[in-house]
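Visitor:
Residue numbers (UniProt numbering): 1 to 1235.
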């Protein structure tokens, strides 16, 4: 730190915030760091420094000064006062004590113990370069980040505060406002002067125009007189010519009327004849209807009989098939019986033949093998001997034979049972085949029944749909017909029109034919969206209801001229290109209170859409309301007055006029319904015709019921047939199959047992043969000699031959017996089946069905004959009605021909009448034209010249002078006026002779148009002059006087504005110089400071004003380029980079207005260790060179670089924080590196 600067030596605190009692902190070295844990009171020390140097209470984190006294935060203040003293040491060693004492919620300032005013206190601080307002001596916690986040405008305001240019802001704004005000006054006086100069020029022009105006008026009066006299002259000639033509037309019209009456009589006669034919036709139609009814009644009977015949025929076919099957089954049955009887006889014969053969063989063998008595005795003796020797073998053999015989009996029984089972199985197969045939017949019947039911249902569906459609349509037709008849009844119109209405309709048709631009009457092209609006719409439309809509004004004029020529009553025209239609006020559609308020234009439908403009013109912004009260409320109590109408026809005008529904309003409203009469009557006739056709379809209900009954019968029969089929399938077939299955199982079981018995027999036979072989050995030994004697090999040869023959005979006999038994059983079963009864039953069924078929055919033929008879009668009646229709058509053609002649004659009559009307209209038009010319002349004060010696007619003078607003005169008065005008002796000799000798009407019109154009041109000239000011000379003198006064006022204002501008420039220059002095100083210092902080020469920092002429009015741009990075906006820099940039700006501002010491609170909060080292090194250098630095820091990397440390640590006394202070000089350790 330089020797020219003082330094902060001590801070003495007494009961200030967390510092209890009196504590002396210091001495502060060149670079002092204040450290300590959070909440120990470091920031309170920062607050104490700012407090003693004049900081206000709102920046000290308290609401009242007394809250700064120790213990106040817990409600136990340590004393009634508190104080902070800063001991400042001057370069020469002198100490100055700056104290601020709190007492009774106020503070007082003291210098060296002497109380001073705050101004003196601030002045003493400013002497040592400490400014209370600028706060160039301290940076609060978070201020660095705040500076980094300031926008360009806020940065500009900060520069204004540092440079003190903000102190000139009020004077600058006042001077600028006064300068602008005086400049506006000077501009106003200049414009005022220019306006007065223009008025002077205009006054001079008015003097010239007044003279020209008088001359034009005189010429106009002369031309008007000449034009009126010219028109009256040719009007008089035309009136005389038309009167002669009118007389000829009246005679021709009378002749046409007589011829028309004759044709009308002929038409009446044709109508009477046509009425008789129509009545006959109606009678024949009734007869046809009766025939159709009879045919309709017979048709269900015919369908019923036809269905019955078809059913019986199908049934008869099935019965015949069943009969053939029964006959075939019976024939097969008889054939099987014959076969069985033949087979039985055959087996009986074979048995008899076999017995005879066996008897013969026995006789032959008995003779050959008979033994002698001695041999027989020996045989028995030997036999007894063998028995004795083989007694034990005989016992075994007897047992084996007994068992064998038992198995043989079992085998035979099973074999018989097997035969019985096979017979039973065959019978069940026969029953199953018969049941299948029956089931097949049932299925065929079901199929044919389903087919018949399907056909009947299709027929029934078609007829039912036809009847239902007819019924539905009849209801719809009756409803529509009722509505149409009701509408016709409400309309109370039978399509006869009055003569006047007919003429009006004829007029519209003629105008449409002659002038394509005519669309029709407004009434005919519009329709209320609902009948409830008819009265209201009728009231609103008023006279425009019958108005004729056309495309242009030209068409309207041509139509009016045509009507005048035809002497037709006047009509109102609405030319679409001429109408001035005001736009619809859309806000009116948003009215919701009262409800159901609509624009009249919105409840009317129009077709074609082109007439929408005319309808809008007629309705305007009129509103329709539900009731009279609603209409009155909307009209007069919703802000701006509106035109409203209630549904019953009460109209409220914006002017306040209220008109109720007239007595004929409802009658007029019914005209909306009259438009629909023709279409309603056509619709009624069409509905009645369709109703007749639908009634014909509806009469098929009887036929439908018959078919439904037949379907019901078929369904019932089918139901029982299905039950029979199900029963056959479930009971008979299933039972048959189950029984056959059971029999099959029994047969298998029997065959299995039969096989086991046979196997057992074979086993026993082997055992028997073994035992017999043993016995045969013994027997061969005993009978050896005997066998030699009788000549056999062994005794068994003799015995076997005898026994074998007997056994063979028994077997053969048993076989024949079994065969006969089996055939007899089967024959008995076949004879028990009575197939002949089935044949008889089916023959009876076929016979009865034949009778029924013949009966149905006769009944069907009878109904057919009756229907054909009615059809023939119907055809005859239709032929008759065809003749009557032909006659009616012929009469229609004859009537049409008479009608055409009548129409032609009416057309001729109308033509004559029109020509007469046109002639009368032309006369009326000419008379009206003459009246109009005379009246116009009177109103324009033109004197029509009369013949010499003639006197004006007094009565005519009074009529011509009458006020048009008093009402138009009636027809009689007009006729009397026209007569008086005809007697008026006008002197046409006053008109130039060439103007009285024009013969061609076109030439007359051209000349009149030429004269009118001259008058119009003169009128136009007068209109442009606009009644000149005859006192223009006086006006000119007044303008000259005002011009002189304005010029003097303008010069005075211009001088004052010049002085105000000079004053403003002086203040602006002072403010600019103060601001730029600070700005330039900071701009010069910020870049080297930023480079020093970043420790990199590549770092860049700059400040740029957006307004070079007056930089304090706009923004200051702060731009930094961090080392090794490209240019970025301040918002894009990292937290550490922003802090470095903000510190560069802080130290640059400190250099502009340096204080002897600089207090910084936690400026290293957002820095990393690298940046902390850079900032700490910079601050150490800055402190040694420029100012004492006191820093509050929590980071060792930072505060380890300081010269001394002041440690703050917390202590608690009576639940209140007390800050304790330690100080330590580390300057000796920084250089040596000791810890």
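Here a beta-carbon is modelled for each residue, glycine too, at the ideal position from N, C-alpha and C.
If you follow the beta strand (DSSP E) that residue 86 is in, where does it begin and where does it stop?
Guide: Translated into the one-based positions of the chain shown, residue 86 becomes position 86. For residue 86, the uninterrupted beta strand (DSSP E) segment begins and ends at 81-89.
Visitor: If you draw a straight line from the C-alpha of residue 1171 to the C-alpha of residue 58, how long is it?
Guide: As a first step, residue 1171 must be located in the chain shown, where it is residue number 1171. As a first step, residue 58 must be located in the chain shown, where it is residue number 58. Annotation: residue 1171 to residue 58 spans about 33 Å, alpha carbon to alpha carbon.
Visitor: What separation, rounded to the nearest whole angstrom, lies between the Cα atoms of residue 1223 and residue 107?
Guide: By 1-based counting over the chain shown, the position of residue 1223 is 1223. By 1-based counting over the chain shown, the position of residue 107 is 107. Near 29 Å, if we compare the C-alpha coordinates of residue 107 and residue 1223.
Visitor: Can the beta-carbon of residue 575 be found less than 7 Å from the beta-carbon of residue 553?
Guide: Here residue 575 refers to the residue found at position 575 when the chain shown is read from its first residue. Here residue 553 refers to the residue found at position 553 when the chain shown is read from its first residue. For residue 575 and residue 553, yes; Cβs fall inside 7 Å.
Visitor: With a 10 Å radius around its C-beta and 16 neighbouring C-beta atoms as the bar for buried, classify residue 616 as buried or exposed.
Guide: In the chain shown, residue 616 corresponds to position 616, counting from 1. Buried.
Visitor: Measure the CB-CB distance between residue 337 and residue 830 and report whether it falls below 7 Å.
Guide: Within the chain shown, residue 337 is the residue found at index 337, counting from 1. Within the chain shown, residue 830 is the residue found at index 830, counting from 1. Yes, the Cβ-Cβ distance between residue 337 and residue 830 is below 7 Å.
Visitor: In terms of residues, what are the limits of the beta strand (DSSP E) holding residue 518?
Guide: As a first step, residue 518 must be located in the chain shown, where it is residue number 518. Note, residue 518: beta strand (DSSP E), 518-521.
Visitor: Rounded to the nearest angstrom, what separates residue 521 and residue 545 at their Cα positions?
Guide: As a first step, residue 521 is located in the chain shown; it is residue number 521 there, counting from the start. As a first step, residue 545 is located in the chain shown; it is residue number 545 there, counting from the start. Rounded to whole angstroms, the gap between the alpha carbons of residue 521 and residue 545 is 8 Å.
Visitor: Can you give the beta carbon distance from residue 1141 to residue 1090, rounded, assuming they're within the 8 Å contact cut?
Guide: On the chain shown, position 1141 is the one that residue 1141 refers to. On the chain shown, position 1090 is the one that residue 1090 refers to. 7 Å between Cβ atoms; contact.
Visitor: I need the straight-line Cα distance from residue 1006 to residue 236, nearest angstrom please.
Guide: Locating residue 1006 in the chain shown gives position 1006, counting from the first residue. Locating residue 236 in the chain shown gives position 236, counting from the first residue. For residue 1006 and residue 236, the distance between alpha carbons rounds to 18 Å.
Visitor: Let me know if residue 736 comes out buried or exposed under the rule of 16 or more other beta-carbons within 10 Å of its beta-carbon.
Guide: Walking along the chain shown from the start, residue 736 turns up at place 736. In summary, residue 736 is buried, with 16 or more beta-carbon neighbours lying within 10 Å of its beta-carbon over all protein chains present.
Visitor: Near residue 947, what residues of its chain come up, given a Cβ to Cβ distance below 8 Å and the 5 sequence neighbours on each side ignored?
Guide: Your numbering for residue 947 matches position 947 in the chain shown. The answer, listed in chain order, is 985, 986, 987.
Visitor: Assign residue 177 to buried or exposed, taking buried as 16 or more other Cβ atoms, counted over all protein chains shown, within 10 Å of its Cβ.
Guide: Within the chain shown, numbered from 1, the residue matching residue 177 stands at position 177. Taking all protein chains shown into account, residue 177 has fewer than 16 neighbouring C-beta atoms within 10 Å of its C-beta and is therefore exposed.
Visitor: Can you tell me which of the three DSSP states residue 239 falls into?
Guide: Within the chain shown, the letter at position 239 stands for residue 239. Correct three-state label for residue 239: helix.
Visitor: Spell out the partners DSSP gives residue 528 in its beta bridges.
Guide: In the chain shown, the residue the question calls residue 528 occupies position 528. Under DSSP, residue 528 takes part in a beta bridge, and its partners are 604.
Visitor: Based on Cα-Cα distance, which residue from 814, 692, 230 lies nearest to residue 934?
Guide: Counting from 1 along the chain shown, the entry for residue 934 is found at position 934. It is 230.
Visitor: Specify, as a first and last residue, the run of the alpha helix (DSSP H) that residue 42 falls within.
Guide: To locate residue 42, count along the chain shown from 1; it is residue 42. From DSSP, the alpha helix (DSSP H) with residue 42 extends over 42-52.
Visitor: Using a Cβ-Cβ cutoff of less than 6 Å, which residues in the same chain neighbour residue 12 once the five nearest sequence positions on both sides are dropped?
Guide: Counted from its first residue, the chain shown places residue 12 at position 12. Contacts found: 24, 85.
Visitor: CA-CA distance, residue 369 and residue 769?
Guide: Position 369 of the chain shown, counted from the first residue, corresponds to residue 369. Position 769 of the chain shown, counted from the first residue, corresponds to residue 769. With a pLDDT of 45 at residue 369, under the threshold of 50, the modelled position of this residue cannot be trusted, and the question is left open.
Visitor: So, is residue 478 buried or exposed, given that buried needs 16 or more other C-beta atoms within 10 angstroms?
Guide: For the purposes of this step, residue 478 is taken as residue 478 along the chain shown, with counting starting at 1. Classification of residue 478: exposed, given that the 10 Å Cβ count is below 16.
Visitor: Could you check if residue 386 is buried or exposed, using at least 16 other CB atoms within 10 Å of its CB as the buried criterion?
Guide: In the chain shown, counting from the first residue as 1, residue 386 sits at position 386. The residue is buried, with at least 16 neighbouring Cβ atoms inside 10 Å.
Visitor: Just how far apart, CA to CA, sit residue 838 and residue 326?
Guide: Reading the chain shown from its first residue, position 838 is the one you call residue 838. Reading the chain shown from its first residue, position 326 is the one you call residue 326. Looking at the two C-alpha atoms, the distance is approximately 6 Å.
Visitor: Taking only runs of the alpha helix (DSSP H) that begin and end inside the region 711-788, which ones reach a length of at least 4 residues, in chain order?
Guide: 734-782
Visitor: Would you mind working out which of 743, 1175, 569, 683 sits nearest residue 483, comparing C-alpha positions?
Guide: Your numbering for residue 483 matches position 483 in the chain shown. Residue 683 is the option with its Cα nearest to residue 483.
Visitor: Compare the beta carbon distance of residue 645 and residue 536 with 7 Å and say whether it is the shorter of the two.
Guide: Start at 1 with the first residue of the chain shown, and residue 645 comes out as number 645. Start at 1 with the first residue of the chain shown, and residue 536 comes out as number 536. Yes, they are a contact pair.
Visitor: For the alpha helix (DSSP H) holding residue 650, just list the boundary residues, first then last.
Guide: The residue labelled residue 650 in the question sits at position 650 within the chain shown. Neither: residue 650 is in no alpha helix (DSSP H) and is coded neither H nor E.
Visitor: Within its chain, find whatever has a CB closer than 8 Å to the CB of residue 854; leave out the 5 residues flanking it on each side and keep chain order.
Guide: Position 854 of the chain shown, counted from the first residue, corresponds to residue 854. Closer than 8 Å at Cβ, skipping near neighbours: no residue.
Visitor: Starting from residue 562, trace the alpha helix (DSSP H) in both directions and tell me its first and last residue.
Guide: Walking along the chain shown from the start, residue 562 turns up at place 562. Counting along the chain, the alpha helix (DSSP H) containing residue 562 begins and ends at 553-565.
Visitor: Just the C-alpha distance for residue 352 and residue 329, rounded to the nearest angstrom, thanks.
Guide: Taking the chain shown and counting its residues from 1, one reaches residue 352 at position 352. Taking the chain shown and counting its residues from 1, one reaches residue 329 at position 329. Cα to Cα, residue 352 sits roughly 35 Å from residue 329.
Visitor: Would you kindly report the start and end of the unbroken beta strand (DSSP E) that includes residue 99?
Guide: Along the chain shown, read from residue 1 onward, the residue named residue 99 stands at position 99. That run of the beta strand (DSSP E) goes 95-103.
Visitor: Taking C-alpha atoms, which residue in 643, 1076, 449, 907 lies nearest to residue 620?
Guide: On the chain shown, position 620 is the one that residue 620 refers to. Comparing Cα positions, the closest option is 643.
Visitor: Three or more C-beta pairs under 8 Å: does that hold for the region 1033-1045 against the region 141-156?
Guide: Segment contact: the region 1033-1045 against the region 141-156, fewer than three CB-CB distances shorter than 8 Å; contact not assigned.
Visitor: Would you mind working out which of 1050, 472, 1109, 1227 sits nearest residue 185, comparing C-alpha positions?
Guide: Numbered from 1 along the chain shown, position 185 holds the residue referred to as residue 185. Of the candidates 1050, 472, 1109, 1227, the one whose C-alpha sits nearest the C-alpha of residue 185 is 1050.
Visitor: For the beta strand (DSSP E) containing residue 575, list its first residue and its last residue.
Guide: Here residue 575 refers to the residue found at position 575 when the chain shown is read from its first residue. That run of the beta strand (DSSP E) goes 573-575.
Visitor: Would you kindly work out how many angstroms separate the C-alpha atoms of residue 811 and residue 355, rounded to a whole number?
Guide: Start at 1 with the first residue of the chain shown, and residue 811 comes out as number 811. Start at 1 with the first residue of the chain shown, and residue 355 comes out as number 355. If I take the Cα positions, the gap works out to 12 Å.
Visitor: Can you give me the Cβ contacts of residue 498 inside the same chain, cut-off strictly under 8 Å, excluding the 5 residues immediately before and after it?
Guide: Mapped onto the chain shown, residue 498 falls at position 498. Confidence is the limiting factor: at residue 498 the pLDDT is only 47, short of 50, which leaves the residue's position unreliable and the question unanswerable from this model.
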